[in-house]
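Protein chains in written order, with my numbering: chain E, 1 to 191; chain Z, 1001 to 1191.
Beta carbons: idealized from backbone N, C-alpha and C, even for Gly.
All figures in this text were calculated on a predicted structure; none of them were measured in a lab.
Working notes, beginning with the structure itself.
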DNA sequence: GCCGCTTGTTGGCAGCTTGTCAACAGGGTG
DNA sequence: CACCCTGTTGACAAGCTGCCAACAAGCGGC
């Protein structure tokens, strides 16, 4: 930190979120490996050492940011209109697509799927677990049926790939994605 | 390089593959970021600078290894037994599952899906494109139907996630995965 | 058999990155 | 106003990557 900004003394929580937000801003544009702690500190308007003070390690900060990003806002998961199961499934897919397109940049920045890094994967899997819970309860299915959960997690793999086809490649438009995912989810819920 | 091994002068191609194999061995166990060029050089029994000589950059070497890993062996894609489409699809899924379980360690090491890194993603997408071609031609579908290709790519997302459920989490057994993927692929091919 | 050249191979250097630590300073308290 | 707690910082040490000049293995000319 060199100039223009006098030393501000902030509440720890405030500073923490300030740094986290800065990190999210950077990771939205460049992948983890290409963002140096110097960049992070500059973006947050803070000395590099402060990152370590708050998060311990560059990696830990990244994991925090990732967790923050993947935590889907609570949102109403209950009021799915439509009586037929297929309609409710379609509504769930719609809700998801809304969320994704809204957070488009960040969602895509995190990549799609697992990274091969144990800790990163743990965070992603954690978020998935929550999402599985919401989907199953919203659709009146048993959230404890482990094979079913596994199938839904597999389905999420397709969800990620499909939204990529939609948002990045433009190879599918939204109605196509909607139909693809709805059909697939209905199929998966059977049996 | 310090001792025990006199200076061997190899054919460039031989040396290249020797280094590549060593890299694949290491990346099978640890993720990219945790493998240093020193490790790579030691595993290959070679001076660190030689890696740069052959591949230019640590990242480039990684990309080569990744490409090598993802290049599914040619294999007979044509002789899919069974007349009914569903049988042929099932045969294709079986063939894929065989390949995956055979290369289990390496396949899983690379992670599942895209990383958010442009170059890495390019390699993965490239491999996917080839796989899409094989699947579509093997199943007598038009390989130029772009929306269809996109759906198959989306399907691959589920394939990755499902094989992870099978091989890593053990939440699904092979028959379950087989059925899940077969049903999904059949559904996707319709429309 | 000796010499020299091509080129595969190596050790060491320079720049950059991350984590740590002691020191600095904001702002509330007596 | 002096003091102390603690948020904040600059500087240092260790490690990693890419580059370059130098070394030497093996082949061809004489």
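Please decide whether residue i counts as near chain E, where near means a Cβ-Cβ distance under 8 Å.
i	result
residue 1023(Z)	no
residue 1143(Z)	no
residue 1156(Z)	yes
residue 1117(Z)	yes
residue 1172(Z)	yes
residue 1153(Z)	yes
residue 1165(Z)	yes
residue 1028(Z)	no
residue 1127(Z)	no
residue 1008(Z)	no
residue 1031(Z)	yes
residue 1001(Z)	Bear in mind that a pLDDT of 45 at residue 1001(Z), under 50, signals an unreliable position, so the number given afterwards is only what the model happens to contain. Output row for residue 1001(Z): interface = no.
Output the distance between the C-alpha atoms of residue i and residue j, rounded to the nearest integer angstrom.
i	j	result
residue 1048(Z)	residue 1038(Z)	6 Å
residue 56(E)	residue 1026(Z)	28 Å
residue 1123(Z)	residue 1058(Z)	16 Å
residue 103(E)	residue 1017(Z)	43 Å
residue 159(E)	residue 101(E)	13 Å
residue 118(E)	residue 133(E)	22 Å
residue 1167(Z)	residue 1095(Z)	16 Å
residue 1143(Z)	residue 1151(Z)	12 Å
residue 1040(Z)	residue 1070(Z)	20 Å
residue 1169(Z)	residue 1141(Z)	34 Å
residue 1137(Z)	residue 1149(Z)	11 Å
residue 156(E)	residue 1062(Z)	28 Å
residue 1191(Z)	residue 1130(Z)	22 Å
residue 1015(Z)	residue 1022(Z)	11 Å
residue 13(E)	residue 46(E)	15 Å
residue 1001(Z)	residue 1036(Z)	Because the pLDDT of residue 1001(Z) is 45, which lies under 50, any placement of that residue in the model is unreliable, and the number read from its coordinates should be weighed accordingly. Spanning the two alpha carbons is a distance of roughly 15 Å.
residue 1173(Z)	residue 145(E)	15 Å
residue 1031(Z)	residue 1125(Z)	20 Å
residue 1135(Z)	residue 1165(Z)	22 Å
residue 1008(Z)	residue 99(E)	58 Å
residue 3(E)	residue 28(E)	No answer about residue 3(E) holds up, because its pLDDT of 48 lies below 50 and its placement is not dependable.
residue 1175(Z)	residue 84(E)	30 Å
residue 1179(Z)	residue 1042(Z)	44 Å
residue 1060(Z)	residue 60(E)	27 Å
Beta-carbon separation of residue i and residue j under 8 Å?
i	j	result
residue 24(E)	residue 68(E)	yes
residue 1086(Z)	residue 1186(Z)	yes
residue 1194(Z)	residue 1010(Z)	Residue coverage of chain Z in this structure runs from 1001 to 1191, which leaves residue 1194(Z) outside it and unanswerable.
residue 162(E)	residue 181(E)	yes
residue 171(E)	residue 1147(Z)	yes
residue 1033(Z)	residue 44(E)	no
residue 153(E)	residue 121(E)	no
residue 1189(Z)	residue 1139(Z)	yes
For chain Z, is any of its Cβ atoms less than 8 Å away from the one on residue i?
i	result
residue 187(E)	yes
residue 180(E)	yes
residue 147(E)	yes
residue 183(E)	yes
residue 192(E)	The structure shown does not extend to residue 192(E), since chain E is modelled only from 1 through 191, so no value can be given for it.
residue 131(E)	no
residue 65(E)	no
residue 216(E)	Outside the shown range of chain E, which is 1 to 191, sits residue 216(E), and nothing can be said about it.
residue 150(E)	yes
residue 169(E)	yes
Discussion item. Using a Cβ-Cβ cutoff of 8 Å, what residues of the stretch 1040-1062 of chain Z are near chain E? List them in chain order.
Written reply: none
Discussion item. Counting beta carbon pairs with one atom in the stretch 40-56 of chain E and one in the stretch 90-105 of chain E, are three or more of them shorter than 8 Å?
Written reply: no
Item to complete: Report the residues of the stretch 1083-1107 of chain Z with a CB closer than 9 Å to any CB of chain E, ordered along the chain.
Response: So nothing in the stretch comes that close.
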